[in-house]
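Undergrad: Under our numbering, the residues of the sequence shown are numbered 33 to 200, in order. Starting off with a structure, shown below.
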Amino acid sequence: MLRKIAPKPPYQFAYVYHTDLPEYDSSRQGFFVDTNFLSNVYLENGAVSLARSLGSMVSLVADFHVEPQMLLPLDEKAARKALETIRNGSVMSPRRVTVLAVFEAVDAKPDLLSLRTRLKQLLIYDEKMETEVYSFDVTAFNNEDKSTAANNGDDPAKSSKFLALNIQ
């Protein structure tokens, strides 16, 4: 019964992760952002999790490649402005940001409990998700040339078309 009513790819969903920006790297002109979580995301009991456990967990098989640390490229002036924006939207830490990853499920293997995903968007927001700080161009990260789901340009964090799961 559940397989009949389960969503069928292609569809998109969003995953939210909080991290603190490290010190500004003046030689590289930017901040390194922790993106290691992208390779450790699982679905369990309908929710996204970073933890591995036994049972009915669905593995998200990444059809993309992202480095564990990505450079958020900003010159010094832009970095100061970004830090001011981040501090103004901070609750927990003056350098805390929200990383929003929008995935596209492109293929499901229910018998193997796996879901092949592509990266549609990777954005950095202030902690409260009120102000976008940066949007990465994810085109080169994906292993395929073209997305199978329609991209209507909606902000995934504010659209009912996305399943936004906030992991802190």
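We treat Cβ as the ideally placed atom computed from N, Cα and C, and that holds for glycine. Note that the structure is predicted; figures quoted are calculated from it, not measured.
Pull up the DSSP beta-bridge partners for His97, would you.
TA: Here the question's residue 97 lines up with position 65 in the sequence shown. Answer is none; His97 lacks a bridge partner.
Undergrad: Identify which residue in Val165, Tyr166, Thr171, Pro142 has its Cα closest to the Cα of Arg150.
TA: If you number the sequence shown from 1, residue 150 lands on position 118. Closest by alpha carbon: Thr171.
Undergrad: Closest to Ala114 by CA distance: which of Arg127, Tyr47, Pro142, Phe69 is it?
TA: Within the sequence shown, the letter at position 82 stands for residue 114. Measuring from the Cα of Ala114, the nearest candidate turns out to be Arg127.
Undergrad: Taking only three categories from DSSP, how would you classify Glu162?
TA: Indexing the sequence shown from 1 puts residue 162 at position 130. The answer is coil: DSSP assigns Glu162 none of H, G, I, E or B.
Undergrad: For Ser71 and Ala94, I'd like the C-alpha separation in whole angstroms.
TA: Along the sequence shown, one-based indexing puts residue 71 at 39. Along the sequence shown, one-based indexing puts residue 94 at 62. Going by C-alpha positions, Ser71 is about 7 Å away from Ala94.
Undergrad: Nearest-angstrom Cα distance between Leu106 and Thr67?
TA: As a working mapping, residue 106 is identified with position 74 in the sequence shown. As a working mapping, residue 67 is identified with position 35 in the sequence shown. Leu106 and Thr67: Cα-Cα distance of roughly 17 Å.
Undergrad: What would DSSP say about Glu136, mapped onto helix, strand or coil?
TA: To locate residue 136, count along the sequence shown from 1; it is residue 104. Strand.
Undergrad: Reducing DSSP to helix, strand and coil, say where Pro142 ends up.
TA: Locating residue 142 in the sequence shown gives position 110, counting from the first residue. Here Pro142 sits in helix by DSSP.
Undergrad: Could you check if Phe40 is buried or exposed, using at least 16 other CB atoms within 10 Å of its CB as the buried criterion?
TA: For this step, residue 40 is matched to residue 8 along the sequence shown. Checking the displayed sequence, the identity of residue 40 turns out to be Lys instead of Phe. Under this definition Lys40 is an exposed residue.
Undergrad: Applying the criterion that 16 or more other CB atoms from any shown protein chain within 10 Å of the CB defines a buried residue, is Lys178 buried or exposed?
TA: Taking the sequence shown and counting its residues from 1, one reaches residue 178 at position 146. The pLDDT assigned to Lys178 is 47, lower than 50, so where the model puts this residue is not dependable, and the model offers no usable value.
Undergrad: Just mark Ala46 as buried or exposed, buried being the case when its beta carbon has 16 or more other beta carbons within 10 Å.
TA: For the purposes of this step, residue 46 is taken as the residue at position 14 of the sequence shown. Ala46 comes out buried.
Undergrad: Ordered along the chain, which non-local residues of its own chain (more than five positions away) have a Cβ less than 6 Å from that of Val138?
TA: Residue numbering aside, residue 138 sits at position 106 when the sequence shown is read from its first letter. Contacts found: Pro41, Pro42, Arg148, Arg150, Thr180.
Undergrad: Exposed or buried, Met102, counting other C-beta atoms within 10 Å across all chains shown (16 or more means buried)?
TA: For the purposes of this step, residue 102 is taken as the residue at position 70 of the sequence shown. It counts as buried.
Undergrad: Buried or exposed: Val98, going by 16 or more other Cβ atoms within 10 Å of its Cβ?
TA: Numbered from its first residue, the sequence shown carries residue 98 at position 66. Counting Cβ neighbours within 10 Å, Val98 comes out buried, since at least 16 surround it.
Undergrad: What is the rounded straight-line gap between the Cα of Phe168 and the Cα of Lys152?
TA: Numbered from its first residue, the sequence shown carries residue 168 at position 136. Numbered from its first residue, the sequence shown carries residue 152 at position 120. Those two C-alpha atoms are separated by around 10 Å.
Undergrad: By DSSP, does Lys109 sit in helix, in strand, or in coil?
TA: If you number the sequence shown from 1, residue 109 lands on position 77. In the structure shown, Lys109 sits in a helix (DSSP, three-state: H, G or I).
Undergrad: Compute the Euclidean distance between the alpha carbons of Phe96 and Met124, then round it to the nearest angstrom.
TA: Walking along the sequence shown from the start, residue 96 turns up at place 64. Walking along the sequence shown from the start, residue 124 turns up at place 92. Those two C-alpha atoms are separated by around 31 Å.
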